[in-house]
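Peer 1:
So, in structure tokens, the structure goes:
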């Protein structure tokens, strides 16, 4: 329920203009998410992990806000959700890809940490924060801040052995550079194309190429 995909569109008052039981109030806009969670929980065992990926905010005026996210997490508290993963943004308002960020290392890499800390105050389930985390020191600071888990999917696509390297005390520098194109939506798509390029290489038994041209990766993705 993040990044502007269907469930995220239902949650956002900016995109959800329905005037029935699926739109209007936050309770109505969250109804489809809650019913999906309930339906999944009914057909899996109690030991099966059910997680929800949720935008901390979609960073658009009149859209899904941080306060909305807190209220949705309170709703999920009552539906046996085992984990909430927090991200943010959408294709219209990318929160991570291609954007240079100022401030401390923690703020530059852990994009949604402040939101996650607020969600942690109301969540009864563990909270994971994802988005931009590349280094062990940053991951450790995120955990020290009170967040339960750290998501590092993009970093793993670049360096699949990253957790073992961290465990062994190696200071791994990932070669993935920010894409600073003026068109942030296109930069977001190119960033995803670069990551998918790495995954295709891995699936074919090849090494990753973090320095692949974003434009080339995007062209390859469109022609695949």
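Numbering (the UniProt record's numbering), first residue to last: 1 to 224.
For each residue, glycine too, the CB sits at the ideal point set by N, CA and C.
Using a 10 Å radius around the Cβ and a threshold of 16 neighbouring Cβ atoms, would you call residue 113 buried or exposed?
Peer 2: buried
Peer 1: Please classify residue 3: does DSSP put it in a helix, a strand, or coil?
Peer 2: strand
Peer 1: Measuring CA to CA, which of 137, 74 and 59 is closest to residue 52?
Peer 2: 74
Peer 1: With DSSP collapsed to three states, give me the class of residue 87.
Peer 2: strand
Peer 1: Please confirm whether residue 44 and residue 37 have their CB atoms less than 8 Å apart.
Peer 2: no
Peer 1: Relative to the alpha-carbon of residue 166, which residue among 152, 176, 178 and 179 has its alpha-carbon at the smallest distance?
Peer 2: 152
Peer 1: Using 8 Å as the threshold, is the C-beta distance between residue 55 and residue 88 below it?
Peer 2: yes
Peer 1: Suppose the cutoff is 8 Å on Cβ atoms and the five residues either side in sequence are ignored; what does the same chain contact list for residue 209 look like?
Peer 2: 197, 198 and 201
Peer 1: When burial is assigned at 16 or more other CB atoms within 10 Å of the CB, is residue 211 buried or exposed?
Peer 2: exposed
Peer 1: Alpha carbon to alpha carbon, how far is residue 42 from residue 2? Give it in angstroms, no decimals.
Peer 2: About 23 Å.
Peer 1: Just to check my reading of the structure: residue 66 and residue 115 have Cβ atoms closer than 8 Å, yes? What is that Cβ distance to the nearest angstrom?
Peer 2: 6 Å
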